[in-house]
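So the structure is just underneath, and the comments pick up after that.
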Amino acid sequence: MFKHLPWSFAFAGMLSIAGALAAEAGPQPPPEMAALYPRVGTWKVLMRTGPSESLPKGGVDNGVMVMKKGPSGFSIVQEFTSHGTSGDVVGQSYAWWDAKAKAYKSVWCDNMQGCVDFVTVVKGNSWTVELDGESNGKKVHTTIRATMSADRNRIEEEVANAYDGGPMHVETVSYYTRIPDSGAARETHAQ
């Protein structure tokens, strides 16, 4: 009955069965990753930057953020683009649970400042990032705080900086609105 079946069909069938068995028996992402999955989806971004030395009148940027699960759900991957006062920004990040460190780790890279790695503290629908770096010869401590709405369709994020040990000032407030009917949004709500 199957003697005229091309060997490639049979081989593809074996691979499919082997893949299904491997998926069942393979490693699973840690349960801590479930806290990051609600971010999966496509988001419209509005960023408002307050007046500063480098931007006396402040400004506005508009963009899109796409968050996807990484391979087998062991990470989430962010693709980001925006245009406006800050110029054309293109960025990408990866976030994952580091079981040894017992922390969410991330790396962010963009065309404006290169790459930075950091730890994110997640509590319910909110998360916080603390970073240290330099800008225009000054030491900068950055705190990023974000909160997702209970319906998981909005995120509000503020970025505050302190220069050379001075007081913290909120410089940017960003508003993320989930774009409905994206496949990722449906997947997120199903979980």
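Every number in our numbering is 909 more than the matching position in the sequence shown, counting from 1. Every residue gets a Cβ at the ideal spot worked out from N, C-alpha and C, and that includes glycine.
{"Query": "Considering just the uninterrupted stretch of the beta strand (DSSP E) at F1027, what are its terminal residues?", "Result": "G1023 to K1032"}
{"Query": "Measure how close the beta-carbons of K1014 and D997 come, nearest whole angstrom, since I'm counting them as under 8 angstroms.", "Result": "Contact flag wrong, Cβ pair sits at about 28 angstroms."}
{"Query": "Note the first and the last residue of the continuous beta strand (DSSP E) segment covering E988.", "Result": "I985 to G993"}
{"Query": "Between P940 and F983, what straight-line distance do the alpha-carbon atoms span, to the nearest angstrom?", "Result": "10 angstroms"}
{"Query": "With distance defined between alpha-carbon atoms, name the residue in H992, E988 and N1070 nearest to E1106.", "Result": "For residue 1106 there is no data in the structure shown, the boundaries of the chain being 910 and 1100."}
{"Query": "Helix, strand or coil: which one does DSSP assign to E1067?", "Result": "strand"}
{"Query": "Return the Cβ separation of T958 and T990 in integer angstroms, given the expectation that the two are a contact with Cβ distance under 8 angstroms.", "Result": "Actually they do not touch by this definition, with Cβ atoms about 17 angstroms apart."}
{"Query": "Nearest by alpha-carbon distance to W952: which of H992, V1068, R1063 and D970 is it?", "Result": "R1063"}
{"Query": "Put S1044 into one of helix, strand or coil per three-state DSSP.", "Result": "strand"}
{"Query": "So, using beta-carbon positions, are M974 and Y1085 closer together than 8 angstroms?", "Result": "yes"}
{"Query": "For V1038 and G935, I'd like the C-alpha separation in whole angstroms.", "Result": "32 angstroms"}
{"Query": "Tell whether a beta-carbon distance below 8 angstroms holds between D1019 and G1000.", "Result": "yes"}
{"Query": "By Cβ distance, which residues of its chain are closer than 6 angstroms to L1040, with the 5 residues on each side in sequence left out?", "Result": "F1027 and T1051"}
{"Query": "Figure out for me which residue from G1046, A1059 and E1066 has the closest Cα to the Cα of I1053.", "Result": "E1066"}
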